[in-house]
Each structure stands twice: as structure tokens, then as C-alpha cells.
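In my numbering, the protein residues as written are 840 to 1176.
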């Protein structure tokens, strides 16, 4: 994510990805602008029109012209909530970034509560829709299952990963990019950067206008993205560990199949052509070799990634009696590989 200089340490950047919510724009701004004014601190509202086709973009443009604090980013086509949120974060100048939904199910009055909680020393305050106003079997129950699975796999235990309303310190969002449906996993990345995370119950309203863009099909996308997150957080700098483990598993399958085939051949008088074990032996061995080779290739790519961009696989929180690491061109950079 972007490494912007923060012009005002008190500035709050509210980010709102929106797609086809023309009926909700006016009531959203009517609730959000007074809530932000009531905070008595500088703010900006960055609204991302994610390729809307229902007049949302035109209404947002009128709102931005009428209110200087409202800033609009319009996409040529719909690319998804994660990309829209990334665009907002890339353009945000605030020391604190607060994403929220544009369908009025999040309550703007909760933003102040998130900031107050953050003042206790937290880097991330995650909203928890404790009393959720969505359909039980199509939204709430699948979400609870997904939240439990994500918490178990990631080790970052939150009750509500799907709640967009959160507050982040800008610095914990630096150094990574989001793809797919990964916006819900930002707390995991932040924890990976050493952030202090807490959760705060927030108000959740039933949708009164527009149509939800979420469905059961998103569950499968989330599960696949979770696998990517797990891989990146555990094996980003040592991919050979995961590929090697899979490779050795298939070598084990191959060895078992080979020994079994030989046993049946010499002790049970069973021909190789009468059992699939020789084929399993061959496929297991080939798959194991391919996994090891893919792991080695991934290791090479990781090193190219870090070396070509002068990146290090660590982040420094503080230096005492040490000057910043010199520029690579002077040959003084120390890397861990």
C-alpha cells in the first residue's frame, strides 16, 4: 500500500467503496458529514465509484463539488470492493484510515467510538456487528462459519472479519497490496506487521434501499483467498517449505504404492497390470518431483522480488543510536535472505 507522507497527524480518512447505491447516497452523506464534523478534527471522505451504472457516479460528483472534504475516485468499470478499497487507501492522507460500507448498514456515529478506542494504544480497531440485521441462513450463519475458520487458520481471532467498518493507523497498512476478496483479511496483514488489534461492537442497520452485492458464491472466493493469505503470512520468504512438504507427501505415496506393488507381485502372485499401484507409484513420484522443482523456482522468484526492489523481509519499528540503512547504490545495505 502507498507510502504517503501524512500532512496532518490528526487527519482522519474515511474510505467508502460504492457500487450501484444511488438511493443511498443522499442519506449516507446526510448522516456521515455531521458525524465527522462532530469529531472536531480534520477529515476527508474518499468515495470510490466502482463502475456504477445506475447514476451513482453523477450523484457522487455533485456531492464532491458541494463539499470539499468529499473526494471522488471513479472507475471505468466494476473491479470489486477490494480494488476500490486499495484505491482509497492509496489516495488517503490521514494518520487514521476508516473504511466503511456505503449502504447505510454501518452507522457513521460509530466512527468516533472507534477513534476513542484507538486512543487507548491500539493500531487496529475492528468493528463487530454483534447484533446483525441480515438474513440468518444466507448471510449471518455463513459469515459466522467463515469468521471461525479464518480465525482458526490465521491465528488472529476476530468475531467479524466481514464488517467493513474498522479503524487503522496508516503505517500498519504500508508494504502490501490486496487482491481478490482480500479486503476482509487486512487485520491479518496488520497483525503480521506487529499491529495491536482489538474489536469493538458497532451498530448494524438493516438495508432499507438498494440491493446487496453479496451472495453465497462469495464464500468460495473467501476460502481460496484465505489459502493465499495463509501461504503469504507463513511461507512468503520460504516457499520451498510448503512445496517441499507437499512434494515429500507425494514421494511417500509413491514409495508406499511401489512397495505394495512389489509385495503383491512377489508374495501374492499379483501381476503389475492387475493393480493400479504401479500407476500410482509413477504419478506420485512425478508429482513429488514437480512440487520440489516448483518450490525451487518459487525460492528464486522470492529472491528476485526482494533484490530487484531493494526490499527486506523485515520491518523496523524503531532505531536507537543507529542511522537509517544507507541507500543500496552506496553498497551499505544489509539484507536478510
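We put the beta carbon where it would ideally sit given N, CA and C, even for glycine.
As the structure is a computational prediction, the values presented were derived from the model and not from experiment.
Reduced DSSP category for residue 1172 - H, G, I as helix; E, B as strand; rest coil: Here residue 1172 scores only 38 on pLDDT, less than 50, and its place in the model should not be relied on; the value that follows carries that caveat. Residue 1172 falls in the coil class under three-state DSSP.
Report yes if the C-beta distance between residue 861 and residue 898 is below 8 angstroms; otherwise report no. Their beta carbons are under 8 angstroms apart, which means residue 861 touches residue 898 by this criterion.
If you draw a straight line from the alpha carbon of residue 1038 to that of residue 956, how long is it in whole angstroms? Using only the alpha carbons, I get a separation of about 9 angstroms.
For the stretch 871-895, list the alpha helix (DSSP H) runs that are entirely contained and at least 4 residues long, ordered along the chain. List check, alpha helix (DSSP H) in window: nothing returned.
Per DSSP, what kind of secondary structure is residue 1093 in: helix, strand or coil? Correct three-state label for residue 1093: helix.
Using CA coordinates, which residue listed in 963, 1133, 1062 and 858 is at the minimum distance from residue 896? Taking residue 896 as reference, the option from 963, 1133, 1062 and 858 with the minimal CA-CA separation is 858.
Go to residue 1117, then tell me how far its alpha helix (DSSP H) extends in each direction, as first and last residue. Following the DSSP letters along the chain, one finds residue 1117 inside the alpha helix (DSSP H) bounded by residues 1116-1147.
Are residue 985 and residue 848 touching if we call contact CB-CB under 8 angstroms? For residue 985 and residue 848, no; Cβs fall outside 8 angstroms.
Rounded to whole angstroms, what's the CA-CA distance from residue 1046 to residue 868? Just pull it up for me. Cα to Cα, the separation comes out at about 16 angstroms.
If distances are taken between C-alpha atoms only, which option among 1127, 1017 and 1010 comes closest to residue 919? The shortest C-alpha separation from residue 919 is found at 1017.
Cα-Cα separation, residue 1022 to residue 893: Near 24 angstroms, if we compare the C-alpha coordinates of residue 893 and residue 1022.
Cα-Cα separation between residue 850 and residue 874, rounded to whole angstroms: The alpha-carbon atoms of residue 850 and residue 874 are separated by roughly 15 angstroms.
Per the DSSP calculation, residue 945 is bridged to which residue(s)? DSSP output for residue 945 lists 1043 as bridge partner(s).
Does residue 1005 come out as helix, strand or coil in the three-state DSSP assignment? Assigned with DSSP and collapsed to three states, residue 1005 falls in strand.
Counting pairs of beta carbons, one from the stretch 943-955 and one from the stretch 923-934, are three or more of them closer than 8 angstroms? No: the two stretches stay apart, fewer than three of their Cβ pairs being nearer than 8 angstroms.
Would you mind giving the Cβ-Cβ distance between residue 1099 and residue 1116, rounded to the nearest angstrom? I have them listed as a contact below 8 angstroms. 5 angstroms between Cβ atoms; contact.
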